[in-house]
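Student:
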Amino acid sequence: MFYYLYDLYFNHLDSLRIFSYVTFRALMAGLTSMFVTFWLGHKVIDFLYGLKFRESVRDDGPKSHESKKGTPTMGGLLIIGSLLLSVLLWGNLKNSNVIILSVFSLCFSALGFADDYMKSVKKIKGGMRARTKFLLSILISLVFCILFFYYTGVIPTGHSGKIPFQITDLFFPFIKGPVIALGAFAIPFSILVIIASSHAVNLTDGLDGLATGTVAISVVTLGIIAYVSGTPIVANYLNIPYLPGAHEYSVFLSALAGALFGFLWFNAHPAQVFMGDTGSLFLGATLGMIVILLKKEILLLILGAIFVGEALSVILQVGSFKLTGKRIFKMAPLHHHFELGGLKETKIVIRFWIIAVILAIISLSTLKIQ
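Note that full-length UniProt numbering gives residue 198 to position 198 of the sequence shown, counting from 1, and the numbers run on in steps of one.
1) My guess is that Leu111 and Leu136 are in contact by the Cβ rule of under 8 Å, so how many angstroms apart are they, rounded?
2) When you compare the CB positions of Gly206 and His336, do they come within less than 8 Å of one another, or not?
3) Starting from the Cα of Leu253, find the closest Cα among Ile138, Ile180, Arg17 and Arg25 and give me that residue.
4) For the segment 190-203 against the segment 268-284, are there 3 or more C-beta pairs whose distance is under 8 Å?
5) In three-state terms, what does DSSP make of Ile140?
6) Whose C-beta lies closer than 7 Å to the C-beta of Gly309 among residues of the same chain, with five residues either side of it excluded?
7) Return the chain-ordered list of same chain residues with a C-beta closer than 6 Å to the C-beta of Ala246, the five sequence neighbours on each side being excluded.
8) Mind checking residue 425: buried by the 16 CB within 10 Å criterion, or exposed?
9) Between the alpha carbons of Thr32 and Ala268, how many angstroms are there, rounded?
10) Taking the alpha carbon of Arg54 as the reference point, which residue from Val357, Leu303, Gly276 and Tyr21 has its own alpha carbon closest?
11) Find the nearest neighbour of Gly342 within the set Ile350, Ala271, Lys330 and Phe352, judged by alpha-carbon distance.
12) From Ser56 to Phe113, what distance separates their C-alpha atoms?
13) Which residue from Val314, Tyr249, Arg327 and Pro241 puts its Cα closest to that of Gln370?
14) Taking DSSP as the reference, what is the three-state secondary structure of Leu359?
15) Pull up the distance between the alpha-carbon of Phe35 and that of Lys43, whole angstroms please.
16) From Gly41 to Gly81, what distance separates their C-alpha atoms?
17) Can you have a look at Val179 and say buried or exposed, based on whether 16 or more other CB atoms are within 10 angstroms of its CB?
18) What residues are listed by DSSP as bridge partners for Ala181?
19) DSSP three-state call for Pro72: helix, strand or coil?
20) Who are the near neighbours of Pro270 in its chain, counting only those whose CB is closer than 6 Å to its CB and skipping five residues on each side?
21) For Ile194, which of Val349, Leu78, Ala255 and Ala285 has the nearest alpha-carbon?
22) Could you tell me which of Phe338, Ile175 and Cys145 sits nearest to Ile167, measuring between CA atoms?
23) Quick check: what's the CA-CA separation for Leu83 versus Leu101?
24) Identify the residues that DSSP records as bridge partners of Arg131: which are they?
25) Return helix, strand or coil for Arg327, following the three-state DSSP convention.
26) List the residues that DSSP assigns as beta-bridge partners of Arg54.
27) Who are the near neighbours of Val314 in its chain, counting only those whose CB is closer than 7 Å to its CB and skipping five residues on each side?
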């Protein structure tokens, strides 16, 4: 909104030119969403508690989690609300891609909200049917992938900067230039990335602050990548694909990071509120969509290795039990395995955060090492 007002009425004033700078708007977007989350945090928690939107714990879970029962959930409403408000204030509203990305995040948050509502209010064990949730996830992903790939022009065709590529090309970390031309498989592959990412983050959200902190670190990293990818001089210097307009995603990602850090204030151990599927599904889906838009799909395997590990632990556990009748881990996802191994919840979370920072540094190094 501020950028739009500046461009419409005040672009002749040099003193207000700062509102046209992406770096300034990204910084302010992050601060705005963070302070909005701080300000509304207790109000939203009380509101959720009053509506009986409360957490239930799995029967076979760690005994230490019994104390979490009854904690307000659906805190993802606070994250998505702060994000959208900040993007509205500081984003470039002339950039249709940012608006579409915001709607995409809202759709997945609404899907998660419906699932949470069924579990916490309707008392339907397991919430929404897995098949229904899966099909709706595919439908949402399909619609927005088609929009981004073929209608908005967010991913340019042909030559862009010093690296020639097509919208259906796939890049690999540490390798300069596109590696695989996906062709007709680009959209199915993109849908797979989005759904896998959304469910992986959802599985990671099992300890106080775990998903919030690790996603925030990934979001900050992608914000940096978005900025350099959308800046031609820097993109050409690093020999990475130049994506016109991609730097505007750094405003969106900064707003999301600010909302997450603000939410962590209330979600850190002992958590006063949980994000629920309302938060985790949209956070994972948004990570997936962002890496698609930045042509960094494979990089997510490095940056989001914690999410990958959590998801793989569940797949291996279920597969092993069905085939052999034996379990590989004490409990899945992976963080519960460490809990039952005797590690305190806070130690597991902090160690995962440290690993996430290391993964972020490695991911950023791929911009130059190729």
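Backbone N, C-alpha and C fix where the C-beta goes; we use that ideal spot for every residue, glycine too.
Tutor: Judging by the given coordinates:
1) Within the sequence shown, numbered from 1, the residue matching residue 111 stands at position 111. Within the sequence shown, numbered from 1, the residue matching residue 136 stands at position 136. The Cβ separation is near 6 Å, so the contact holds.
2) Here residue 206 refers to the residue found at position 206 of the sequence shown. Here residue 336 refers to the residue found at position 336 of the sequence shown. Going by C-beta atoms, Gly206 is nearer than 8 Å to His336.
3) Stepping through the sequence shown from its first residue, residue 253 is reached at position 253. Minimum Cα distance to Leu253 is reached at Arg25.
4) yes
5) Stepping through the sequence shown from its first residue, residue 140 is reached at position 140. Helix.
6) Mapped onto the sequence shown, residue 309 falls at position 309. Result list for Gly309: Leu334, in chain order.
7) Residue 246 sits at position 246 when you count from the first residue of the sequence shown. Result list for Ala246: Ala226, Ser229 and Gly230, in chain order.
8) Because the chain in this structure spans residues 1 to 370, residue 425 falls outside the shown range and cannot be described.
9) Your numbering for residue 32 matches position 32 in the sequence shown. Your numbering for residue 268 matches position 268 in the sequence shown. So the two alpha carbons sit approximately 20 Å from each other.
10) Working through the sequence shown from its first residue, we reach residue 54 at position 54. Comparing Cα-Cα distances from Arg54 to each of Val357, Leu303, Gly276 and Tyr21, the minimum goes to Gly276.
11) By 1-based counting over the sequence shown, the position of residue 342 is 342. The candidate whose alpha carbon is nearest that of Gly342 is Lys330.
12) Taking the sequence shown and counting its residues from 1, one reaches residue 56 at position 56. Taking the sequence shown and counting its residues from 1, one reaches residue 113 at position 113. Computed Cα separation, rounded: 15 Å.
13) Numbered from its first residue, the sequence shown carries residue 370 at position 370. Checked all of Val314, Tyr249, Arg327 and Pro241; the closest Cα to Gln370 is Pro241.
14) As a working note, residue 359 is residue 359 in the sequence shown. Correct three-state label for Leu359: helix.
15) Within the sequence shown, numbered from 1, the residue matching residue 35 stands at position 35. Within the sequence shown, numbered from 1, the residue matching residue 43 stands at position 43. Their backbone Cα atoms lie some 13 Å apart in a straight line.
16) One-based indexing of the sequence shown puts residue 41 at position 41. One-based indexing of the sequence shown puts residue 81 at position 81. One C-alpha to the other measures close to 11 Å.
17) The count along the sequence shown starts at 1 and reaches residue 179 at position 179. Exposed, since its Cβ has fewer than 16 Cβ neighbours within 10 Å.
18) Taking the first residue of the sequence shown as position 1, residue 181 is located at position 181. Ala181 is bridged to Asp169.
19) By 1-based counting over the sequence shown, the position of residue 72 is 72. Three-state DSSP puts Pro72 in a strand.
20) By one-based count along the sequence shown, residue 270 stands at place 270. Contacts found: none.
21) Here residue 194 refers to the residue found at position 194 when the sequence shown is read from its first residue. Nearest option by C-alpha distance: Ala285.
22) For the purposes of this step, residue 167 is identified with residue 167 of the sequence shown, where counting begins at 1. Among Phe338, Ile175 and Cys145, the Cα nearest to that of Ile167 belongs to Cys145.
23) Here residue 83 corresponds to residue number 83 of the sequence shown, with the count starting at 1. Here residue 101 corresponds to residue number 101 of the sequence shown, with the count starting at 1. Approximately 12 Å, taken between the alpha carbons.
24) Sequence index remark: in the sequence shown, residue 131 carries index 131 (1-based). BP columns for Arg131 are empty, so no partner.
25) One-based indexing of the sequence shown puts residue 327 at position 327. Three-state DSSP puts Arg327 in coil, outside helix and strand.
26) Here residue 54 corresponds to residue number 54 of the sequence shown, with the count starting at 1. Pro72.
27) Indexing the sequence shown from 1 puts residue 314 at position 314. Leu203, Ala332 and Pro333, listed in sequence order.
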